[in-house]
Each structure stands twice: as structure tokens, then as C-alpha cells.
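Trainee:
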Amino acid sequence: MNPFRYERAADVGTAIATLRQSPAGMFLGGGTNLVDLMKLGVATPDLLVDVNHLPLHRVEPLADGGLRVGAGVRNADLAADPTVRARYPMLAEALLSGASGQLRNLATTGGNLLQRTRCVYFQDVTTPCNKREPGSGCPAIDGYNRYMAILGASGQCVATHPSDMAVALVALDAVVRVTGPGGERAIPATELHRLPGEEPWRDTVLEPGELITAVDLPELPMARRSHYRKVRDRASYAFALVSVAAALEQAEDGTVTDVRLALGGVAHRPWRAWRAEETLRGAPATDESFRTAVEAELADARPLSGNAFKVRLAVNTVVSTLRGLTRRVAP
Numbered sequence: 020m021n022p023f024r025y026e027r028a029a030d031v032g033t034a035i036a037t038l039r040q041s042p043a044g045m046f047l048g049g050g051t052n053l054v055d056l057m058k059l060g061v062a063t064p065d066l067l068v069d070v071n072h073l074p075l076h077r078v079e080p081l082a083d084g085g086l087r088v089g090a091g092v093r094n095a096d097l098a099a100d101p102t103v104r105a106r107y108p109m110l111a112e113a114l115l116s117g118a119s120g121q122l123r124n125l126a127t128t129g130g131n132l133l134q135r136t137r138c139v140y141f142q143d144v145t146t147p148c149n150k151r152e153p154g155s156g157c158p159a160i161d162g163y164n165r166y167m168a169i170l171g172a173s174g175q176c177v178a179t180h181p182s183d184m185a186v187a188l189v190a191l192d193a194v195v196r197v198t199g200p201g202g203e204r205a206i207p208a209t210e211l212h213r214l215p216g217e218e219p220w221r222d223t224v225l226e227p228g229e230l231i232t233a234v235d236l237p238e239l240p241m242a243r244r245s246h247y248r249k250v251r252d253r254a255s256y257a258f259a260l261v262s263v264a265a266a267l268e269q270a271e272d273g274t275v276t277d278v279r280l281a282l283g284g285v286a287h288r289p290w291r292a293w294r295a296e297e298t299l300r301g302a303p304a305t306d307e308s309f310r311t312a313v314e315a316e317l318a319d320a321r322p323l324s325g326n327a328f329k330v331r332l333a334v335n336t337v338v339s340t341l342r343g344l345t346r347r348v349a350p
């Protein structure tokens, strides 16, 4: 057991100031990922700053019609929120597809965004891993890589981001609000997580000492007709092989007027399918159009020895998901 100090913060400013005293310290929310990593010896903070008692537990409307979700809101509470279920069903569905009921009762909105990869090599301190020990190598490239990335990977890392919630937030154009030593700033959810590049140990663009305080959901009427679909090896408590967060808006003649599409389980970050969206706008809402669009998105996929199936799985899952939304909006 690695010794560490524990401090309970009473407000955001105190939490940030306390963490500044220890560069190796970390914020503690629900602890559903961090505590596991500490037990494994992957995370070894010398200070935990408990942020569970900060006033960040509300879901409240914004003046522009959107919704603000406090970083301390538990996943189970967010999934059950009537406004979220009615206006952002893909988000509620994504939350309910993650982990188990017990973990959702503890896991927080901010912590969910910051959970780390479940790559078996990252979690095993007896193996090399560039995310744990920069320069040690990435054995997943030639090893067990069924769950690894097919998009945006590098020669340094092929890990995938595990969050279901984050995929939905990226599709919804959410904005992540953070506070740190330099003050407050807003980060589009599409820009929060990084591709590995040459620095795979950096999961996000957060600066040291920055704390997620809220997530803002925009007013997005088309999100009322949205869906999150997750394909995994077993029905529960499993991470995505491929997941899809989608919303679709059609004209009366059946053409796609707008679309939101994001993929999980395929990259180091939730993957916003910008190319597929661009291809679909103005196209007929048909299986052929859906397939053409997602194949264009996956044209740059670089599967590994054990996950080439993900390319076809992603195509079929997107087509099926969008087809279902088409049926929902048909007159």
C-alpha cells in the first residue's frame, strides 16, 4: 500500500489550492476507477482531495434553454432525471449501459469523463506501457488487441477510451466547464480528450490542478429523437467493442436535414464522426446513404491483428441505429 494524505475540500477554491500543494495529488469523486487503479499500483497519488462535498450535485436549466449538470451528479441520478430522459435520451441510455447499478450509484459526471483506459497492459504493472511508463513500449500493438483502437492510434498507444457517457456528450455538443489555478474555462466535449500521438500518457487537455465543475448540454431539439447503442461481449458490465450515439432530423421528403453521430470503443477518445455527418446532410435517409457515410468515416481505419472485425461492426451498428431513428420519425 502506498501511503497518501486525505483532505476533504469544502469549496472549489479550497480543493484547487489544496491540490496545488502536491503535484502528485489527485481529486477524488466516486472513486470507482481511481481506487481500483490505486489497488493495482497503477495510480500512486500522495494526496487525495475529496470533492464529494462540493456544491456540484444539481441538474438545472440554463437561460438559453440548455441544461447544466454538476460534476458531482451521480450517474444513476443523471440517467433517471426526467428532463434528461425526455430531451437527451441518448445520454440516459449511455449511462445505463455503463458499469453496474452499484457503480452508477457512486460514479460522478466529472469522474466518468476522466476514467482511464481498461487496456489490460495499462492495468498490469508487470508489463510495459507507454501510458504508465513513457518510452517502455506498447505491447498491445502486437499482443491482445481485441478491444483496441482502429482510428486515431499511434505507434505509441492503441488504447481506447472506456466511457459511454462521454460518447453521448460528444454527439450532443456538450461543453465541459473547469476551474483551475488559472481561473475558469469552457472546453467543448469534442476537444476534452486527446489522441495518443507521441504523448499517450496525457488523456485530456486539462492542465494540472484543473477540476471539472459542470457539463453544459445545449438546447438541441433533435436530441429528443436520439439513441445510444452499445455492442459488447456480454449483456452487462462490459466495455464497448463499438458503440454509437446518434440523433437524426429529417425533412418531410425523407432527406436528412441534420445529424449527430459519435462512436465509442474505436479510438483513444470518443470519436465524433464529422465526415459521416457531412456526407449525410442533404442525403436521403436510407440504408445506402447511412452505409456510404460511415464507410467514408472509417476510410482511415487501421485495425490491428485482433480487431479488424470492428470496422464492419461499426458500419453495421451505425446503419442499424440510424435506421431505427428513421422509423421513429416517420409520419
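Using the working numbering, read the sequence shown as starting at 20 and increasing by one per residue. C-beta atoms are modelled at their ideal positions from N, C-alpha and C, and glycine is treated no differently. Remember, it's a predicted structure, so these values are computed and weren't measured experimentally.
(1) Rounded to the nearest angstrom, what separates K359 and D30 at their Cα positions?
(2) Should E271 go down as buried or exposed, given a rule of 16 or more other Cβ atoms within 10 Å for buried?
(3) Buried or exposed: D83, going by 16 or more other Cβ atoms within 10 Å of its Cβ?
(4) In its own chain, which residues sit with a C-beta less than 8 angstroms from the C-beta of A28, not counting the 5 before and 5 after it?
(5) Under three-state DSSP, which class holds G202?
(6) Beta-carbon separation of M45 and L114 under 8 angstroms?
(7) Please report how far the alpha carbon of L230 lies from the alpha carbon of A90, in whole angstroms.
(8) By how many angstroms is the C-alpha of V88 removed from the C-alpha of V250?
(9) To the nearest angstrom, how far is it from the Cα of V195 to the Cα of G130?
(10) Hey, out of T128, A193, G283 and L280, whose CA is closest to A205's CA?
(11) Quick check on DSSP: helix, strand or coil for P207?
(12) What are the start and end residues of the beta strand (DSSP E) that includes M45?
(13) Under the three-state reduction of DSSP, which class applies to A96: helix, strand or coil?
(14) For R14, which residues of its own chain have a beta-carbon under 8 angstroms away from its beta-carbon, when the five flanking residues on both sides are left out?
(15) Are L122 and T51 closer than 8 angstroms when you measure CB to CB?
(16) Tell me which same chain residues have a C-beta within less than 6 angstroms of the C-beta of E26, skipping the five on either side of it?
(17) How would you write the range of the beta strand (DSSP E) that S324 sits in, first residue to last?
(18) Could you check whether the segment 226–240 touches the segment 291–309, counting it as contact only if at least three pairs of C-beta atoms, one from each stretch, sit closer than 8 angstroms?
(19) Using only CA atoms, which one of L170, A178, W293 and Y166 lies nearest to G156?
(20) Let me check understanding here. Comparing Cα to Cα, which of P42, L280 and R294 lies closest to R244?
(21) N21: buried (16+ other C-beta within 10 angstroms of its C-beta) or exposed?
(22) Thinking C-beta only, is L133 closer than 8 angstroms to T223?
(23) Ignore the nearest five residues each way along the sequence and tell me which others in N335's own chain have a CB closer than 7 angstroms to its CB.
(24) Beta-carbon within less than 7 angstroms of T340's beta-carbon, same chain only, minus the 5 sequence neighbours each way: which residues are those?
Mentor: Let me spell this out:
(1) The chain is shown from 20 up to 350; residue 359 falls before or after that span and cannot be answered.
(2) Exposed is the call here.
(3) Its Cβ having fewer than 16 others within 10 Å, D83 is exposed.
(4) Sequence-distant partners of A28 (beyond 5 residues in either direction) whose C-beta falls short of 8 angstroms from its own C-beta, in its chain, are A34, T37, V68, D69, V70, H72 and L73.
(5) Here G202 sits in strand by DSSP.
(6) At least 8 angstroms separates the beta-carbon of M45 from that of L114.
(7) If I take the Cα positions, the gap works out to 9 angstroms.
(8) Those two C-alpha atoms are separated by around 27 angstroms.
(9) Cα to Cα, V195 sits roughly 12 angstroms from G130.
(10) With distances taken between Cα atoms, A205 lies closest to A193.
(11) In the structure shown, P207 sits in a strand (DSSP, three-state: E or B).
(12) Start and end: M45 to L47.
(13) Per the sequence shown, residue 96 should be read as Asp rather than Ala. Helix, per DSSP.
(14) This structure cannot speak to residue 14, because the chain is shown only from 20 to 350.
(15) Taking 8 angstroms as the Cβ cut-off, L122 and T51 qualify as a contacting pair.
(16) Correct list, in chain order: T37 and V68.
(17) Unbroken run through S324: none, as it is neither H nor E.
(18) The segment 226–240 is not in contact with the segment 291–309.
(19) The shortest Cα separation from G156 among L170, A178, W293 and Y166 belongs to A178.
(20) Looking at the Cα atoms, L280 is the closest of the given residues.
(21) That one is exposed.
(22) Against a cut-off of 8 angstroms, the Cβ pair of L133 and T223 comes out as a contact.
(23) Counting only Cβ-Cβ distances below 7 angstroms, and skipping sequence neighbours, we find nothing.
(24) Contacts found: H246, R248, V263 and A265.
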